[in-house]
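Working notes, structure below.
Residue numbers (this note's numbering): 47 to 124.
Pasting the structure below:
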């Protein structure tokens, strides 16, 4: 079981840096995911910059979120 996200920070060029409950930091490239219809609205910088943690996930609004599993398992260790 992967840990929950406790803090998220947006970085240039649609990257995220997430801190997990176990203290690990991971960098995650969102660019490949922006092609999916459910996430395509994040191409708007203003919306992407609103990333926050909600119940252990990375979320932007009531409709768009990202599983901590995805970020943890495919992200790059910092």
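Glycine included, C-beta positions come from ideal geometry on N, C-alpha and C.
Note that the coordinates shown come from a computational prediction; the quantities given were computed from them, not determined experimentally.
With residue i as the anchor, note down where its beta strand (DSSP E) starts and where it stops.
i, result
"residue 105", "103 to 105"
"residue 66", "61 to 66"
Which of helix, strand or coil does DSSP assign to residue i?
i, result
"residue 116", "helix"
"residue 77", "helix"
"residue 100", "strand"
"residue 57", "strand"
Alpha carbon to alpha carbon, what distance is there between residue j and residue i?
i, j, result
"residue 121", "residue 92", "23 angstroms"
"residue 77", "residue 88", "10 angstroms"
Taking Cβ positions only, does residue i come closer than 8 angstroms to chain C?
i, result
"residue 115", "Absence of chain C from the displayed structure is noted, only one protein chain being present."
According to DSSP, which residues form a beta bridge with residue i?
i, result
"residue 72", "64, 123"
What does a CB cutoff of less than 6 angstroms around residue i pick up in its chain, not counting 5 residues either side in sequence?
i, result
"residue 49", "66, 67, 68"
Considering only residues of the same chain and omitting the five flanking positions on each side of residue i, which have a CB-CB separation below 8 angstroms?
i, result
"residue 80", "60, 86, 88, 89"
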